[in-house]
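Only one structure is covered here, and it is reproduced in the block below.
In structure tokens:
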């Protein structure tokens, strides 16, 4: 794998080769897909409402290890952050990248579907050490062009705890980044982004996961506060048993 650009996200080419993408795509044909709303949330979808995309989830430590072996050389191994960094730093200034989350979320585009402007949020593992700080979008199968829109963050000068994280907030486009099969986009959780409207009948399949970091600093930032969460659930804790609906084989 190689980094081909760094802004507004890391673009890492050749994380998976064509054979690996094809094998995973074939396995996923048996997946039970569920519709989600244009905000990407299953709980917000009701019958008859516009479908944003179709989703399925899996838990695979083997795939997490494989992706980490491919991505780790291209990712920042140590992050020194502050209260304006676009991710949930949890009050600690120094973090070390240690792996990829085994929670794999698969996203199938549908004609007319889209994902409104939003930010992601971190998972914490309940040990006061491990958190996810970055998002990963890996293209598996593309019958037609696919793009992720990165938006201008007008709140970037505000400390994280003062920002509005509501989904669908109107934001101007910063840059539209094209996906390529086998390549990954990696970016901080709180970077605003959207899934461009899909007006094709071909299959477009993305894998969504996270980069796990371990806290290195012993003390929190002196004035740190948790982000406001009026529009989001508290920082989630992974529960593997909830994501065993789909089994995928290691390569």
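In the working numbering, the protein residues as written are 1333 to 1583. Ideal Cβ placement from N, Cα and C applies to all residues, glycine included.
Can you name, in chain order, every residue of its own chain whose Cβ lies under 8 angstroms from the Cβ of residue 1350, other than the five neighbours on each side?
Here the question's residue 1350 lines up with position 18 in the chain shown. Counting only Cβ-Cβ distances below 8 angstroms, and skipping sequence neighbours, we find 1513, 1514.
Is it a yes or a no for the stretch 1373-1380 touching the stretch 1478-1496, going by three-plus beta-carbon pairs under 8 angstroms?
no
Measuring only the C-alpha atoms, how far is residue 1407 from residue 1530?
What you label residue 1407 is simply residue 75 of the chain shown in a count that begins at 1. What you label residue 1530 is simply residue 198 of the chain shown in a count that begins at 1. Approximately 29 angstroms between the Cα atoms of the pair.
Reduced DSSP secondary structure (H/G/I, E/B, other) of residue 1493
For the purposes of this step, residue 1493 is taken as the residue at position 161 of the chain shown. Correct three-state label for residue 1493: helix.
From residue 1413 to residue 1348, what distance separates their C-alpha atoms?
As a first step, residue 1413 is located in the chain shown; it is residue number 81 there, counting from the start. As a first step, residue 1348 is located in the chain shown; it is residue number 16 there, counting from the start. Those two C-alpha atoms are separated by around 30 angstroms.
Would residue 1472 be called buried (16 or more neighbouring beta carbons within 10 Å of its own) or exposed?
Stepping through the chain shown from its first residue, residue 1472 is reached at position 140. Burial call: buried.
Kindly provide the ranges of any alpha helix (DSSP H) runs that are 4 or more residues long and lie completely inside the stretch 1375-1428, ordered along the chain.
1393-1403
Distance, Cα to Cα, residue 1538 vs residue 1439?
Counting from one through the chain shown, the residue named residue 1538 turns up at place 206. Counting from one through the chain shown, the residue named residue 1439 turns up at place 107. Spanning the two alpha carbons is a distance of roughly 5 angstroms.
Of the listed residues 1509, 1410, 1448, 1432, nearest to residue 1396 (C-alpha basis)
Against the chain shown, residue 1396 aligns to sequence position 64. The residue with the shortest Cα to Cα distance from residue 1396 is 1432.
Three-state secondary structure (DSSP) of residue 1530
As a working note, residue 1530 is residue 198 in the chain shown. Looking at residue 1530 - three-state DSSP - the assignment turns out to be strand.
Between the CA atoms of residue 1550 and residue 1540 - distance to the nearest angstrom
In the chain shown, residue 1540 corresponds to position 208, counting from 1. In the chain shown, residue 1550 corresponds to position 218, counting from 1. Spanning the two alpha carbons is a distance of roughly 31 angstroms.
Selected residue, minimal CA-CA separation from residue 1386, among 1364, 1393, 1470, 1428:
Residue numbering aside, residue 1386 sits at position 54 when the chain shown is read from its first letter. Minimum Cα distance to residue 1386 is reached at 1364.
From the DSSP output, in three-state form, read off residue 1453 for me.
Translated into the one-based positions of the chain shown, residue 1453 becomes position 121. The answer is coil: DSSP assigns residue 1453 none of H, G, I, E or B.
Less than 7 angstroms between the beta carbons of residue 1480 and residue 1525, yes or no?
Within the chain shown, residue 1480 is the residue found at index 148, counting from 1. Within the chain shown, residue 1525 is the residue found at index 193, counting from 1. Going by C-beta atoms, residue 1480 is nearer than 7 angstroms to residue 1525.
Measure the C-alpha to C-alpha separation of residue 1382 and residue 1452 and round it to an integer number of angstroms.
By 1-based counting over the chain shown, the position of residue 1382 is 50. By 1-based counting over the chain shown, the position of residue 1452 is 120. Rounded to the nearest angstrom, the two C-alpha atoms are 21 angstroms apart.
Three-state secondary structure (DSSP) of residue 1478
The residue labelled residue 1478 in the question sits at position 146 within the chain shown. Residue 1478: coil per DSSP, three-state reduction.
How close, in whole Å, do the beta carbons of residue 1342 and residue 1519 come, if the pair is a contact with beta carbons under 8 angstroms?
Translated into positions along the chain shown, residue 1342 becomes position 10. Translated into positions along the chain shown, residue 1519 becomes position 187. Rounded, the Cβ-Cβ distance is 7 angstroms, consistent with contact.
For residue 1491 and residue 1445, the rounded distance between their alpha carbons
Locating residue 1445 in the chain shown gives position 113, where the first residue counts as 1. Locating residue 1491 in the chain shown gives position 159, where the first residue counts as 1. Whole-angstrom Cα-Cα distance: 33 angstroms.
Going by DSSP in three states, residue 1339 sits in which element: helix, strand or coil?
Counting from 1 along the chain shown, the entry for residue 1339 is found at position 7. Looking at residue 1339 - three-state DSSP - the assignment turns out to be coil, as it is neither helix nor strand.
How is residue 1580 classed by DSSP in three states: helix, strand or coil?
For the purposes of this step, residue 1580 is taken as residue 248 along the chain shown, with counting starting at 1. It is coil, neither helix nor strand.
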